[in-house]
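Residue numbers (the numbering used here), protein chains in the order written: chain W, 14 to 361; chain R, 6 to 123. This report concerns only the one structure given below.
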Amino acid sequence: MNLSILITPVIQAAILVNVMLIGAAYMVLAERKVAAWIQNRIGPNRVGPWGLFQSFADVFKLYLKEDIVPAAADKTFHSMAPVISIAVAITAYAIIPWMDNVNIGGTTYTLSMAPNMDVALLVMLAMTSVGVYGIALAGWSSNNKYSLMGGLRSTAQMISYELSMGLSAVGVLMICGSLNLVDIIRYQTEHGWNVFYQPLAFVIFLVTALAETNRAPFDLPEAEPELVGGYHTEYASMKFGLLYLAEYANILASSAIMAVLFLGGWDLIPFVDEIALMGLAPDSLPAVLIGHAALAGKAALLVFVFIWIRWSLPRFRYDQLMNLGWKVLLPLSLANITITGIVLLLMK
Amino acid sequence: MVESYIPLFVMILVGIIFGASNIVLTEILGPKRSTRTKLSTYESGMEPVKSARERFSVKFYLVAMIFILFDIEIVFMYPWAVQFKELGMYGFVAMILFMVLLFSGYIYVVKKGALKWD
Chain W
14 MNLSILITPV IQAAILVNVM LIGAAYMVLA ERKVAAWIQN RIGPNRVGPW GLFQSFADVF
74 KLYLKEDIVP AAADKTFHSM APVISIAVAI TAYAIIPWMD NVNIGGTTYT LSMAPNMDVA
134 LLVMLAMTSV GVYGIALAGW SSNNKYSLMG GLRSTAQMIS YELSMGLSAV GVLMICGSLN
194 LVDIIRYQTE HGWNVFYQPL AFVIFLVTAL AETNRAPFDL PEAEPELVGG YHTEYASMKF
254 GLLYLAEYAN ILASSAIMAV LFLGGWDLIP FVDEIALMGL APDSLPAVLI GHAALAGKAA
314 LLVFVFIWIR WSLPRFRYDQ LMNLGWKVLL PLSLANITIT GIVLLLMK
Chain R
6 MVESYIPLFV MILVGIIFGA SNIVLTEILG PKRSTRTKLS TYESGMEPVK SARERFSVKF
66 YLVAMIFILF DIEIVFMYPW AVQFKELGMY GFVAMILFMV LLFSGYIYVV KKGALKWD
C-alpha cells in the first residue's frame, strides 16, 4: 500500500486533536465563567487575563498528581476506560464537516477529514454507542459501589436516550435523502434549515444530546449528593482528566452535529443565498471561511445553551428520567416520523 | 470506496494513541507515595464493606434487552428513510405496518411494567 495517502489524514488528525483540546479547555473556562455569572460571582480570574489560562494550569496540575488506582480495582480495565472514552470522542471530530472544500488557484483542497463518507451519521451514532463502554467499564473496574451505580445508571440512560436520538434523526434523513453530512448541509442551503421543517425532532435531539453527554438535568451518573462522583469516583490524575476531557469533547461534537443536522451547517442566513449575493463563488476561500465561521458560531451558541441549561435546571429523579426517555420521547419521535412521512407524501 | 474510510481509521488510531500516551505520561510524572489506606476503596470515609460486585436491580438488564429490540428497528429505518422519496406510498405503508407491530410490543412492555422504576 502506498503510505503517502496516510500523510494528509495524520496531519489533519493532529490538527483536530488540538482543536478538540483547545475547544475543551475553553469550554471548561466558559462553563465556570457562565456559572459564576449566573450565580452572581466573578469566576476564575487569576491565571492570565480573565482567567484565560486557567484550564491549562489545571491540566498541568493533573499531570503532576499522583495516579491512585485502588487496590481492589481491575488495573487493566481501569486504565482502558479513559482511553476508550477519549478515542471515541476524538473520532467523532473526524466525521463532522468543519469546512467545505476550498478552491485556491484551480486546486481543490479538502479541509475536513472524512467529508464525503456516505454513512457519516451512522458512524456518529455508532461512536455514541461505543462511548457507553468507556463509562460502563470505568464504573465496573473501580470496584466501588458509587462507581458501579454511576456506571450502571449511565449505561441505562445512554442506551435509552440513544433510541430517541436515532429516531429523531430519521425525520431529517427522510427530507434530505442522505446519510452524508455534506449532502445534508447542501440540501439545507438550498431549501432552508431543517429546524423549520423538523422543530419537534430538533427539540428531541437537543434533549437526548443532553442525556447522552450526561449533562444536567440528566447528570444522574455523577449525582454528587448520592453517588459522590459517579463512575469517576476512583479516578485521579490525568485518567480523571481524560474522562473529563471526553465529556467536554462530546458536548462540542454533539453541538456541531446539531448545527449540521438542524441549523444549516455552513449556511449563514436561512432562505437567502448570501454567498451569491456577495458575488463569491461557493468554493472560494472567503465563502468557505464564512461557512466555517457560521458552523463554529452555531456550535458555540449550542454549547452556551448546554451550559445555561445546566445552571438553570435541577436534576431529574431516576424514574422521571426513564419515564421521559421511554414514555414521552420515544412515542413522540415515532409520531414525528409518521407525520413527516404523511406530509412528504401529500406534498408530492 | 474504501479510501474514504481511511481518515476514520487514522482518527481512531490517533485517539487511542493520544489516550494511551496521556495515561503513560501521568503515571511517569506523578509522585508515587501510596499507602494502604490511600489505596483502599473510597466509601465516604467509612471502612469499605464487602466488594461492589454484588447483585443489582434486574431493571437494568430489562432496559438493555428492550433497547436491543428498538435499536434494530432504528437500523432498519435508516435505509428506508434515505430512500423514502423513491419508495413513495408503498414504502410508507410497509413501514407503518412494521411500526404498528413494534409499537404494540412496546405497549405490552409498558403494560407489564418493565419500564416502571420506583
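Note that CB positions come from ideal geometry on N, CA and C, so glycine has one too. Everything numeric in this text was worked out from a predicted model, so none of it was measured.
Classify Phe81 (chain R) as buried or exposed, calling it buried when 16 or more other Cβ atoms lie within 10 Å of its own Cβ.
Taking the second sequence and counting its residues from 1, one reaches residue 81 (chain R) at position 76. Answer is exposed; the Cβ neighbour count stays below 16.
Between Ser267 (chain W) and chain R, is the shortest Cβ-Cβ distance under 9 Å, so that the two count as touching?
Looking up residue 267 (chain W) in the first sequence gives position 254. Taking Cβ atoms only, chain R never reaches closer than 9 Å to Ser267 (chain W), which makes this a no.
Residue burial classification, Glu225 (chain W) (beta-carbon count within 10 angstroms, cutoff 16)
Start at 1 with the first residue of the first sequence, and residue 225 (chain W) comes out as number 212. By the 10 Å Cβ count, Glu225 (chain W) comes out buried.
Under 9 Å between the Cβ atoms of Phe108 (chain R) and Pro344 (chain W)?
The count along the second sequence starts at 1 and reaches residue 108 (chain R) at position 103. The count along the first sequence starts at 1 and reaches residue 344 (chain W) at position 331. Yes, they are a contact pair.
Helix, strand or coil at Thr120 (chain W) according to DSSP, with G and I counted as helix:
As a position in the first sequence, residue 120 (chain W) is number 107, starting the count at 1. Note: Thr120 (chain W) maps to strand in three-state DSSP.
Short of 6 Å in beta carbon distance, which residues of its chain neighbour Ala312 (chain W), apart from the five on each side in sequence? Order them along the chain.
As a working mapping, residue 312 (chain W) is identified with position 299 in the first sequence. Contacts found: Ser268, Ala269, Ala272.
Quick one: using the 10 Å Cβ neighbour count with 16 as the cut-off for buried, is Trp50 (chain W) buried or exposed?
By one-based count along the first sequence, residue 50 (chain W) stands at place 37. Classification for Trp50 (chain W): exposed.
In this structure, how does DSSP classify Val115 (chain W) when only helix, strand and coil are distinguished?
Here the question's residue 115 (chain W) lines up with position 102 in the first sequence. Residue state, collapsed to three classes: strand.
Proximity winner among W:Ile99, W:Asn349, W:Asn114, relative to Leu259 (chain W) (alpha-carbon distances)
As a first step, residue 259 (chain W) must be located in the first sequence, where it is residue number 246. According to the sequence provided, residue 259 (chain W) is Ala. The question's Leu does not apply to it. The residue among W:Ile99, W:Asn349, W:Asn114 with its C-alpha nearest the C-alpha of Ala259 (chain W) is W:Ile99.
Determine, using beta carbons only, whether Gly63 (chain R) comes closer than 9 Å to chain W.
Here residue 63 (chain R) refers to the residue found at position 58 of the second sequence. Sequence check: residue 63 (chain R) is Val here, not Gly. It does not: the Cβ of Val63 (chain R) has no partner Cβ on chain W nearer than 9 Å.
Cα separation between Phe72 (chain R) and Ile21 (chain R)?
Locating residue 72 (chain R) in the second sequence gives position 67, where the first residue counts as 1. Locating residue 21 (chain R) in the second sequence gives position 16, where the first residue counts as 1. If I take the Cα positions, the gap works out to 28 Å.
Check whether the region 35-52 of chain R touches the region 135-148 of chain W, taking contact to mean three or more Cβ pairs, one atom from each stretch, closer than 8 Å.
no
Assuming Ser68 (chain W) and Leu42 (chain W) make a contact with CB atoms under 8 Å, what is their CB distance in whole Å?
Counting from one through the first sequence, the residue named residue 68 (chain W) turns up at place 55. Counting from one through the first sequence, the residue named residue 42 (chain W) turns up at place 29. Confirmed, about 5 Å.
Are the beta-carbon atoms of Arg328 (chain W) and Leu233 (chain W) separated by less than 9 Å?
As a working mapping, residue 328 (chain W) is identified with position 315 in the first sequence. As a working mapping, residue 233 (chain W) is identified with position 220 in the first sequence. Closer than 9 Å, so yes.
Please list the segments of the alpha helix (DSSP H) lying wholly inside the region 263-289 of chain W, counting only runs of 4 or more residues, in order along the chain.
none
At what residue ranges does the region 229-257 of chain W contain a whole run of the alpha helix (DSSP H), taking only runs of 4 or more?
237-240
Helix, strand or coil, according to DSSP, for Gly292 (chain W) in the structure here?
Residue numbering aside, residue 292 (chain W) sits at position 279 when the first sequence is read from its first letter. In the structure shown, Gly292 (chain W) sits in coil (DSSP, three-state: anything other than H, G, I, E or B).
What residues of chain W sit near Phe75 (chain R), judged by a beta carbon separation below 7 Å?
Counting from one through the second sequence, the residue named residue 75 (chain R) turns up at place 70. The contacting residues are Leu176.
Residues in the region 36-54 of chain R having any Cβ partner in chain W nearer than 9 Å:
Pro36, Lys37, Arg38, Ser39, Arg41, Lys43, Leu44, Ser45, Thr46, Tyr47, Glu48, Ser49, Pro53, Val54
If you run the structure through DSSP and keep just helix, strand and coil, what is Val82 (chain W)?
As a position in the first sequence, residue 82 (chain W) is number 69, starting the count at 1. Coil at Val82 (chain W), not helix or strand.
Using a Cβ cut-off of 8 Å, which residues of the region 97-120 of chain R contact any Cβ in chain W, in chain order?
Residues passing the 8 Å Cβ filter: Phe97, Met100, Ile101, Met104, Phe108, Tyr111, Val115, Leu120.
Could you check whether the Cβ of Arg60 (chain R) sits closer than 9 Å to any Cβ belonging to chain W?
Within the second sequence, the letter at position 55 stands for residue 60 (chain R). For Arg60 (chain R), the answer is no, since every Cβ of chain W falls outside 9 Å of its Cβ.
Would you say the region 170-183 of chain W touches the region 334-351 of chain W, given that touching needs at least three Cβ pairs under 8 Å?
yes
Neighbourhood of Ala119 (chain R) by C-beta distance below 7 Å, restricted to the same chain and skipping five residues each side:
Residue numbering aside, residue 119 (chain R) sits at position 114 when the second sequence is read from its first letter. Answer for Ala119 (chain R): Leu67, Ile71, listed in chain order.
DSSP-derived helix/strand/coil call for Val301 (chain W):
Here the question's residue 301 (chain W) lines up with position 288 in the first sequence. DSSP, read as helix, strand or coil, puts Val301 (chain W) in helix.
Sufficient close CB pairs (3 or more, under 8 Å) joining the region 83-90 of chain W to the region 147-155 of chain W:
yes
Taking the alpha carbon of Ser123 (chain R) as the point to measure from, which residue in R:Ala57, R:Ile112, R:Phe65, R:Asn27 has its own alpha carbon closest?
Along the second sequence, one-based indexing puts residue 123 (chain R) at 118. According to the sequence provided, residue 123 (chain R) is Asp. The question's Ser does not apply to it. Among R:Ala57, R:Ile112, R:Phe65, R:Asn27, the Cα nearest to that of Asp123 (chain R) belongs to R:Phe65.
Is the distance from the Cβ of Ala182 (chain W) to the Cβ of Leu274 (chain W) below 9 Å?
Here residue 182 (chain W) refers to the residue found at position 169 when the first sequence is read from its first residue. Here residue 274 (chain W) refers to the residue found at position 261 when the first sequence is read from its first residue. Yes, these two residues count as a Cβ contact at 9 Å.
Out of curiosity, what's the CA-to-CA distance linking Ser45 (chain R) and Arg58 (chain R)?
On the second sequence, position 40 is the one that residue 45 (chain R) refers to. On the second sequence, position 53 is the one that residue 58 (chain R) refers to. One C-alpha to the other measures close to 15 Å.
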